[in-house]
Amino acid sequence: MLRILFCAFCLLWADVNSGMAVAADKPEIYQLHQGDRVLISVWREETLQREVVVLPDGSITFPLIGRVEVAGLSTPEVEQNITVKLKKYFPEPIVTVVIVGIDGSRAYVTGKVLHPGSLTINGPITVLQAISLVGGLDRFADENSIKVIRAKPDGQEILPVNYKDILSGKNVSTNILLKAGDTVVVP
Numbered sequence: 163m164l165r166i167l168f169c170a171f172c173l174l175w176a177d178v179n180s181g182m183a184v185a186a187d188k189p190e191i192y193q194l195h196q197g198d199r200v201l202i203s204v205w206r207e208e209t210l211q212r213e214v215v216v217l218p219d220g221s222i223t224f225p226l227i228g229r230v231e232v233a234g235l236s237t238p239e240v241e242q243n244i245t246v247k248l249k250k251y252f253p254e255p256i257v258t259v260v261i262v263g264i265d266g267s268r269a270y271v272t273g274k275v276l277h278p279g280s281l282t283i284n285g286p287i288t289v290l291q292a293i294s295l296v297g298g299l300d301r302f303a304d305e306n307s308i309k310v311i312r313a314k315p316d317g318q319e320i321l322p323v324n325y326k327d328i329l330s331g332k333n334v335s336t337n338i339l340l341k342a343g344d345t346v347v348v349p
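Here you go:
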């Protein structure tokens with residue numbers, strides 16, 4: 163009996179620990195941004211299938227429920243929000259939200275770079291990579307004053323970038339991963 167309990171404990175412990183390892187390796191869930199396109203469907207309600215674009219204010223509009231805030235939310239979160247709002251009209255709505263286009267996943271590089279502009283973020287991209295993609299710094303750029311401006315729900319966050327340390331390999335901690343909507347400013 164003791165042997166059986168010991169084996170059960172070991173299996174349970176191994177299962178719990180394997181779950182923790184998997185959780186640590188999960189990729190970041192995509193959050194919707196301005197300009198993204200999503201297809202929204204309500205099961206058994208063909209008239210409620212729509213492709214919509216996330217508006218500049220971070221919202222979409224959908225029949226019956228009107229305006230819904232979606233920027234910064236994942237598709238499961240948007241599904242849940244729409245489901246709650248549709249319960250006024252349907253007993254058990256089943257909502258599906260699928261990303262059709264990630265046009266809103268842009269970062270911007272401005273200032274004293276060779277080709278300032280926007281970049282589409284299709285995967286992880288660092289400040290150094292973004293600067294390289296716009297042709298690099300021009301000769302008048304102030305390498306010590308580069309900053310990333312990141313929008314937050316409660317305002318903006320300014321993240322300093324130590325360009326010289328990144329290039330020399332001394333300290334690459336300020337070579338941050340850019341997020342959609344970030345702006346790299348090179349004075």
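The working numbering puts the sequence shown at residues 163 to 349.
Using N, Cα and C, we set each Cβ at its ideal position, and we do this for glycine too.
Keep in mind that this is a model prediction, so the values were computed, not measured.
Got a sec, what are the start and stop residues for the alpha helix (DSSP H) residue i sits in?
{"i": "residue 280", "result": "From DSSP, residue 280 is part of no alpha helix (DSSP H) but of the beta strand (DSSP E) over 279-282."}
{"i": "residue 341", "result": "Element bounds for residue 341: n/a, residue is neither H nor E."}
{"i": "residue 309", "result": "Not the alpha helix (DSSP H): residue 309 falls in the beta strand (DSSP E), residues 309-314."}
{"i": "residue 246", "result": "237-248"}
{"i": "residue 194", "result": "Unbroken run through residue 194: none, as it is neither H nor E."}
{"i": "residue 304", "result": "Unbroken run through residue 304: none, as it is neither H nor E."}
{"i": "residue 227", "result": "Counting along the chain, residue 227 falls outside any alpha helix (DSSP H), and DSSP gives it neither H nor E."}
Can you give me the C-alpha to C-alpha distance between residue i and residue j, rounded to a whole angstrom?
{"i": "residue 192", "j": "residue 269", "result": "15 Å"}
{"i": "residue 321", "j": "residue 211", "result": "41 Å"}
{"i": "residue 295", "j": "residue 263", "result": "22 Å"}
{"i": "residue 243", "j": "residue 201", "result": "15 Å"}
{"i": "residue 278", "j": "residue 194", "result": "25 Å"}
{"i": "residue 204", "j": "residue 327", "result": "52 Å"}
{"i": "residue 237", "j": "residue 258", "result": "8 Å"}
{"i": "residue 163", "j": "residue 315", "result": "Interpretation of residue 163 is limited by its pLDDT of 47, a score under 50 that renders its predicted location unreliable; the figure taken from the coordinates is listed afterwards. C-alpha separation (whole angstroms): 57 Å."}
{"i": "residue 247", "j": "residue 227", "result": "6 Å"}
{"i": "residue 287", "j": "residue 235", "result": "21 Å"}
{"i": "residue 325", "j": "residue 299", "result": "10 Å"}
{"i": "residue 229", "j": "residue 222", "result": "6 Å"}
{"i": "residue 281", "j": "residue 312", "result": "15 Å"}
{"i": "residue 239", "j": "residue 343", "result": "20 Å"}
{"i": "residue 274", "j": "residue 252", "result": "55 Å"}
{"i": "residue 318", "j": "residue 341", "result": "13 Å"}
{"i": "residue 297", "j": "residue 339", "result": "18 Å"}
{"i": "residue 214", "j": "residue 330", "result": "46 Å"}
Please work out which residues of its chain come closer than 8 Å, Cβ to Cβ, to residue i, disregarding the five sequence neighbours upstream and downstream, and give them in chain order.
{"i": "residue 209", "result": "225"}
{"i": "residue 276", "result": "296, 297, 298, 299 and 300"}
Quick one: residues in its chain with C-beta nearer than 7 Å to the C-beta of residue i, no 5 flanking neighbours on either side, listed in chain order?
{"i": "residue 290", "result": "328 and 337"}
{"i": "residue 332", "result": "none"}
{"i": "residue 233", "result": "194, 195, 196, 216 and 220"}
{"i": "residue 245", "result": "255 and 257"}
Contact defined as beta carbons within less than 8 Å: I believe residue i pairs with residue j. What is the distance between those atoms, to the nearest angstrom?
{"i": "residue 255", "j": "residue 304", "result": "With a Cβ gap of about 54 Å, residue 255 and residue 304 do not count as contacting."}
{"i": "residue 346", "j": "residue 293", "result": "7 Å"}
{"i": "residue 310", "j": "residue 323", "result": "6 Å"}
{"i": "residue 283", "j": "residue 267", "result": "4 Å"}
Assuming residue i is part of the beta strand (DSSP E), what are its boundary residues?
{"i": "residue 202", "result": "199-204"}
{"i": "residue 210", "result": "207-215"}
{"i": "residue 335", "result": "Element bounds for residue 335: n/a, residue is neither H nor E."}
{"i": "residue 321", "result": "317-322"}
{"i": "residue 389", "result": "Within the shown structure, residues of the chain are numbered from 163 to 349, placing residue 389 beyond reach of any answer."}
To which residues of the same chain is residue i closer than 6 Å at the C-beta, ignoring the five residues directly before and after it?
{"i": "residue 261", "result": "200"}
Is there a C-beta anywhere in chain B that falls below 7 Å from the one on residue i?
{"i": "residue 284", "result": "No chain B appears in this structure, which consists of one protein chain only."}
Which runs of the beta strand (DSSP E), 3 residues or longer, sit entirely within the region 252-299? Whole beta strand (DSSP E) segments, 3+ residues: 257-263, 268-273 and 279-282.
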